[in-house]
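Per our numbering, the very first residue in the sequence shown carries number -19; after that it's consecutive. To keep things clear, I will list the structure first and then write my remarks on it.
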Amino acid sequence: MVHGCKPKEKWRIGTEHEKFGFEFDTLRPINYQQISALLNGIAARFDWDKIMEGDNIMGLKTGNQSISLEYGGQIELSGAPLKTLHQTYDEINSHLYQAKTVAEEMGIGFLGLGFLPKWRQEDIPLVPKVRYDILRNYFNKFGSNGINTLLMTCSIQVNLDFSSEADMINKMRASLALQPLSTALFANSPFKQGVPNGYVSLRSHLLGQDDICRNGMLPFAFHDTFGITFILPTIHSNC
């Protein structure tokens, strides 16, 4: 993280944008074979490079942008480091145009919701990626809430540069302090299995129930000892 410190003139914004894919005709979530065809179609039409894991396509890359897959088949754009929100806006619109151009020919649409509104956990096709076997074993410790978070949620994430450890701490604390407000402003996960679930943001509720070391308000970020050397327990180690 120390090597990642940058002077203010080099600060950039990086946005990650997730969405669910579904079939127009059946409203069912798309399976990995459909996702694979979608990624291959985007690669062929818009000149993206493929990211492979063995024989399976797991994402795309062009320049500083990439498209990856989450555990339940959520499709995620990891945007390039950009100077302004206006550039981020243009980047996301370009990505959605490309994705929809190919997807609509396949009878596929996208949902920008925080939680799958209709389907059950067992309806979600899994992505055949080794990393997700590790995550599944870890999140199983938190019961159905943990797996629901992996399989059935989407979000938009923001990455910011920092100039020093102190600047990183200030930005982390400010973002956490604003989290309840941003959750309320952008809450959009009120449905589960086709009916109202009792929350305006079920996603936020679930995240507060499972891995509290990594989700929610993170009280440790406000401790005097918090800094670059603060280390959370490792989920998995190859050592």
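Don't be surprised by glycine CBs; every beta carbon is placed ideally from N, CA and C. Being a predicted model, the structure only gives us computed values, none of them experimental.
Nearest-angstrom Cα separation, counted from residue j out to residue i
{"i": "L220", "j": "F119", "result": "With the chain covering -19 to 219 only, the question about residue 220 has no answer from this structure."}
{"i": "G39", "j": "R25", "result": "15 Å"}
{"i": "R183", "j": "I215", "result": "21 Å"}
{"i": "S46", "j": "L57", "result": "6 Å"}
{"i": "S16", "j": "L96", "result": "21 Å"}
{"i": "Q13", "j": "L7", "result": "16 Å"}
{"i": "G126", "j": "R116", "result": "8 Å"}
{"i": "N36", "j": "K(-12)", "result": "40 Å"}
{"i": "F202", "j": "K80", "result": "42 Å"}
{"i": "R153", "j": "T133", "result": "24 Å"}
{"i": "P199", "j": "H(-17)", "result": "26 Å"}
{"i": "D204", "j": "A146", "result": "11 Å"}
Whether residue i touches residue j by CB criterion (8 Å)
{"i": "K63", "j": "R(-8)", "result": "yes"}
{"i": "F4", "j": "G87", "result": "yes"}
{"i": "G(-6)", "j": "N139", "result": "yes"}
{"i": "L18", "j": "A83", "result": "yes"}
{"i": "F2", "j": "G89", "result": "yes"}
{"i": "S169", "j": "G94", "result": "yes"}
{"i": "T163", "j": "S135", "result": "no"}
{"i": "G43", "j": "P9", "result": "no"}
{"i": "E33", "j": "K98", "result": "no"}
{"i": "Q78", "j": "I31", "result": "no"}
{"i": "K(-10)", "j": "D141", "result": "yes"}
{"i": "E(-4)", "j": "Q189", "result": "no"}
Continuous alpha helix (DSSP H) stretch holding residue i: start and end
{"i": "S74", "result": "65 to 85"}
{"i": "D113", "result": "110 to 119"}
{"i": "L19", "result": "12 to 26"}
{"i": "L140", "result": "Element bounds for L140: not the alpha helix (DSSP H) but the beta strand (DSSP E), 136 to 140."}
{"i": "L187", "result": "182 to 187"}
Three-state class that DSSP yields for residue i in the structure shown
{"i": "M148", "result": "helix"}
{"i": "L96", "result": "coil"}
{"i": "F166", "result": "helix"}
{"i": "Q159", "result": "helix"}
{"i": "P199", "result": "helix"}
{"i": "I127", "result": "helix"}
{"i": "D103", "result": "helix"}
{"i": "K172", "result": "strand"}
{"i": "M(-19)", "result": "coil"}
{"i": "K(-12)", "result": "helix"}
Contacts around residue i, its chain only, beta-carbon distance under 7 Å, and the 5 residues preceding and following it disregarded
{"i": "M197", "result": "L156, Q159"}
{"i": "A11", "result": "Before going on, a small fix: residue 11 reads as Asn here, not Ala. If we look at N11 and ignore the five residues flanking it on each side, its Cβ neighbours are P105."}
{"i": "R100", "result": "Q173"}
{"i": "N128", "result": "Q101, L186"}
Chain-order list of residues whose beta-carbon lies under 6 Å from that of residue i (same chain, five-residue window excluded)
{"i": "Y179", "result": "H185"}
{"i": "E71", "result": "G59"}
{"i": "V67", "result": "Checking the sequence, you will find Gln at residue 67 rather than Val. Counting only Cβ-Cβ distances below 6 Å, and skipping sequence neighbours, we find nothing."}
{"i": "M148", "result": "F142"}
Cβ neighbours of residue i in the same chain (closer than 8 Å, five flanking residues each side left out)
{"i": "V112", "result": "The residue you asked about is not Val; residue 112 is Tyr in the sequence shown. Correct list, in chain order: Y51, L106, L130."}
{"i": "D27", "result": "T42"}
{"i": "D103", "result": "R8, P9"}
{"i": "L65", "result": "I(-7)"}
N-terminal and C-terminal residue of the beta strand (DSSP E) that residue i is part of
{"i": "H(-3)", "result": "-7 to 3"}
{"i": "S46", "result": "45 to 49"}
{"i": "S58", "result": "55 to 58"}
{"i": "L91", "result": "88 to 91"}
{"i": "D29", "result": "29 to 33"}
{"i": "L40", "result": "36 to 42"}
Near the ligand NAD: residue i beta-carbon under 7 Å from a heavy atom
{"i": "K172", "result": "Summarising the ligand content, the structure contains no ligands, and the ligand NAD is consequently not present."}
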